[in-house]
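**Q** Here it is: the structure, laid out below.
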Amino acid sequence: MSLSNIQQSASQHLPFGDQRGARFYGTDILSVNQFSKEDLAYIFGVAVEMREMVARVGTFDLLKGKILANLFYEPSTRTSSSFTAAMERLGGSVIPIHEVKYSSVSKGETLPDTIRTLECYADVIVLRHPEKGASAIAAKYSKKPILNAGDGVGEHPTQALLDLLTILEELGNVENLTVTMVGDLKYGRTVHSLSQLLSLYNVKLHYVSPDILRMPPEIIEELNQKGISQTEHSTLEQALPETDVLYVTRVQKERFDNPEDYEKVAGAFIIDPEIMKAAKKKMIVMHPLPRVGEISMDFDDDSRAAYFRQMEYGLFVRMALLALVLGKA
Ligand code: CP
383 MSLSNIQQSA SQHLPFGDQR GARFYGTDIL SVNQFSKEDL AYIFGVAVEM
433 REMVARVGTF DLLKGKILAN LFYEPSTRTS SSFTAAMERL GGSVIPIHEV
483 KYSSVSKGET LPDTIRTLEC YADVIVLRHP EKGASAIAAK YSKKPILNAG
533 DGVGEHPTQA LLDLLTILEE LGNVENLTVT MVGDLKYGRT VHSLSQLLSL
583 YNVKLHYVSP DILRMPPEII EELNQKGISQ TEHSTLEQAL PETDVLYVTR
633 VQKERFDNPE DYEKVAGAFI IDPEIMKAAK KKMIVMHPLP RVGEISMDFD
683 DDSRAAYFRQ MEYGLFVRMA LLALVLGKA
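Numbers 383 to 711, taken from our numbering, label the letters of the sequence shown in order.
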């Protein structure tokens with residue numbers, strides 16, 4: 383599906399007043415597996431509209447009177463602040479709980495009780511939590527929509543949506559692309575979600591990682607069942623020349639039980655201008671960020687470096703999701 387198709391579909395069914403968005407009303411966003419291609423086209427259509435509205439008027443009152451609880455048990459810069467910006471650009475307001483140690487969680491309050499509390503005050507809850515499956519548990523206890531902003535080593539579905547929109551915007555298409563994922567594929571929730579989302583399309587995937595950080599076998603198996611071509615590598619050499627999207631990830635120190643294991647693999651892959659001489663002229667380098675050295679700052683001015691533009695797409699996708707789950711798109 384090309385971007386122009388998506389934009390065409392967006393202009394055909396402008397979000398404001400269109401009924402097709404109604405199916406998202408009150409929906410939890412927990413996993414990329416809940417989306418069809420049609421859902422993605424609709425969400426991206428709304429996101430494109432949001433971008434135009436932000437460019438034209440900055441802030442508008444679509445969600446005036448609505449409140450978002452932004453509940454983060456793990457650190458975040460992009461996800462947390464883009465959800466806050468999204469809600470405020472839509473005229474709504476935010477209860478920020480970025481440091482749960484200053485909330486009643488530090489007194490031993492359980493996740494279900496914290497969720498039950500916040501749903502009394504908010505219309506939608508964004509949750510980042512260190513445990514896989516935490517968002518699904520929260521959704522069981524909440525009558526208000528839960529948006530998974532990262533559940534441990536599980537998923538990061540809103541990141542995968544903005545990643546896919548980035549690919550469409552930057553390359554104009556997703557069909558027949560070769561996507562190479564590099565770094566921490568074992569613990570990286572962004573690559574878990576993105577690989578599954580990409581499996582809706584005809585793509586070829588390369589996985590480049592240290593042996594102890596390989597893509598989980600259950601994800602490889604799931605994508606095999608869908609007929610997706612996947613190849614694992616221990617170096618970048620083979621995959622890089624045919625890569626259209628190089629998706630680089632940070633080795634996540636915080637996920638290692640043994641710091642020595644981290645030291646062995648930190649810095650295993652570093653993307654710099656020299657290495658990128660082997661890559662296509664028309665391709666993009668993405669990273670969910672933060673980075674800790676795996677992409678050299680010397681590469682930042684290369685037109686293929688899409689990672690800062692990628693962050694901006696997150697605002698529009700999250701505006702679209704908030705409007706959709708609150709029944710206002
Ligand atoms: N990409 C991402 O999830 O970044 P943060 O951890 O800063 O939210």
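Glycine included, C-beta positions come from ideal geometry on N, C-alpha and C.
1. Is any heavy atom of ligand 1 found at a distance shorter than 7 Å from the C-beta of PRO512?
2. Smallest Cα separation from PRO655: which of ASP682, GLY649, GLU636 and VAL647?
3. Taking any heavy atom of ligand 2 as the mark, which residues have a C-beta closer than 5 Å to it, listed down the chain?
4. Work out the CA separation of LYS662 and TYR455 for me, nearest whole Å.
5. Look at ALA688 and ALA429 and say whether their C-beta atoms are less than 8 Å apart.
6. Give me the Cα-Cα distance between MET383 and GLU557, rounded to the nearest whole angstrom.
7. Report all residues from its chain with a CB closer than 7 Å to the CB of GLU537; omit the five preceding and five following residues, and keep chain order.
8. Report the residue from TYR569, GLU552 and GLN578 whose alpha carbon sits nearest the alpha carbon of PRO539.
9. What is the DSSP secondary structure of HIS480, counted as helix, strand or coil?
10. Ordered along the chain, which non-local residues of its own chain (more than five positions away) have a Cβ less than 7 Å from that of SER464?
11. What does a CB cutoff of less than 6 Å around PHE398 pick up in its chain, not counting 5 residues either side in sequence?
12. For PRO592, which of TYR583, THR617, LEU580 and LEU543 has the nearest alpha-carbon?
13. Does the separation of the CB atoms of LEU453 and ILE411 fall below 8 Å?
14. Nearest by alpha-carbon distance to ILE528: which of GLY534, ALA516 and VAL535 is it?
15. What is the DSSP secondary structure of PHE442, reduced to helix, strand or coil?
16. Near ALA650, what residues of its chain come up, given a Cβ to Cβ distance below 6 Å and the 5 sequence neighbours on each side ignored?
17. I want to know whether the region 438–454 touches the region 463–477 - three or more CB-CB distances under 8 Å.
18. What are the residues that DSSP puts in a beta bridge with ASP533?
19. For my contact list, ILE507 and ALA451 are in at a C-beta cut-off of 8 Å; report their separation, rounded to the angstrom.
20. Taking the alpha helix (DSSP H) that THR631 belongs to, which residues open and close that run?
21. Hey, out of SER486, LYS446, GLN634 and LYS514, whose CA is closest to ASP505's CA?
22. Should ARG691 be labelled buried (16 or more other beta-carbon atoms within 10 Å of its own) or exposed?
23. Could you tell me whether the Cβ atoms of VAL561 and LEU582 are closer together than 8 Å?
24. Using the Cα positions of HIS511 and LEU493, report the straight-line distance between them to the nearest angstrom.
25. With H, G and I counted as helix, E and B as strand and the rest as coil, what does DSSP make of ILE652?
**A** Judging by the given coordinates:
1. Within the sequence shown, residue 512 is the residue found at index 130, counting from 1. No - ligand 1 has no heavy atom lying nearer than 7 Å to the Cβ of PRO512.
2. Translated into positions along the sequence shown, residue 655 becomes position 273. Here the closest residue by C-alpha is ASP682.
3. Ligands in the displayed structure: ligand 1; ligand 2 is not one of them.
4. In the sequence shown, residue 455 corresponds to position 73, counting from 1. In the sequence shown, residue 662 corresponds to position 280, counting from 1. Near 40 Å, if we compare the C-alpha coordinates of LYS662 and TYR455.
5. Here residue 688 refers to the residue found at position 306 of the sequence shown. Here residue 429 refers to the residue found at position 47 of the sequence shown. Contact: no.
6. Taking the sequence shown and counting its residues from 1, one reaches residue 383 at position 1. Taking the sequence shown and counting its residues from 1, one reaches residue 557 at position 175. Because MET383 carries a pLDDT of 46, less than 50, the predicted location of this residue cannot be relied on, and the following value inherits that uncertainty. Those two C-alpha atoms are separated by around 6 Å.
7. Taking the sequence shown and counting its residues from 1, one reaches residue 537 at position 155. Cβ within range, chain order: SER413, VAL414, ASN530, ARG571, HIS574 and SER575.
8. For the purposes of this step, residue 539 is taken as the residue at position 157 of the sequence shown. The residue with the shortest Cα to Cα distance from PRO539 is GLN578.
9. In the sequence shown, residue 480 corresponds to position 98, counting from 1. HIS480: coil per DSSP, three-state reduction.
10. Looking up residue 464 in the sequence shown gives position 82. For SER464, where only same-chain residues beyond five positions count, the Cβ hits under 7 Å are GLY696, LEU697 and ARG700.
11. Position 16 of the sequence shown, counted from the start, is the residue given in the question as residue 398. In this prediction, PHE398 scores a pLDDT of 47, lower than 50, which makes its location untrustworthy; no coordinate-derived value is stated.
12. Position 210 of the sequence shown holds residue 592. The shortest C-alpha separation from PRO592 is found at THR617.
13. Taking the sequence shown and counting its residues from 1, the one referred to as residue 453 is at position 71. Taking the sequence shown and counting its residues from 1, the one referred to as residue 411 is at position 29. No; because the gap between Cβ atoms is not below 8 Å, this pair is not in contact.
14. For this step, residue 528 is matched to residue 146 along the sequence shown. When only C-alpha atoms are compared, the closest one is ALA516.
15. As a working mapping, residue 442 is identified with position 60 in the sequence shown. Residue state, collapsed to three classes: coil.
16. On the sequence shown, position 268 is the one that residue 650 refers to. Cβ within range, chain order: PRO592.
17. yes
18. Residue numbering aside, residue 533 sits at position 151 when the sequence shown is read from its first letter. ASP533 pairs with HIS511.
19. Within the sequence shown, residue 507 is the residue found at index 125, counting from 1. Within the sequence shown, residue 451 is the residue found at index 69, counting from 1. Contact flag correct, Cβ pair sits at about 5 Å.
20. Sequence index remark: in the sequence shown, residue 631 carries index 249 (1-based). Segment: none, THR631 is in no alpha helix (DSSP H) and carries neither H nor E.
21. Sequence index remark: in the sequence shown, residue 505 carries index 123 (1-based). The shortest Cα separation from ASP505 among SER486, LYS446, GLN634 and LYS514 belongs to LYS446.
22. Reading the sequence shown from its first residue, position 309 is the one you call residue 691. By the 10 Å Cβ count, ARG691 comes out exposed.
23. Here residue 561 refers to the residue found at position 179 when the sequence shown is read from its first residue. Here residue 582 refers to the residue found at position 200 when the sequence shown is read from its first residue. Their beta carbons are not under 8 Å apart, which means VAL561 does not touch LEU582 by this criterion.
24. Indexing the sequence shown from 1 puts residue 511 at position 129. Indexing the sequence shown from 1 puts residue 493 at position 111. Straight-line Cα distance between these residues: approximately 9 Å.
25. If you number the sequence shown from 1, residue 652 lands on position 270. Looking at ILE652 - three-state DSSP - the assignment turns out to be coil, as it is neither helix nor strand.
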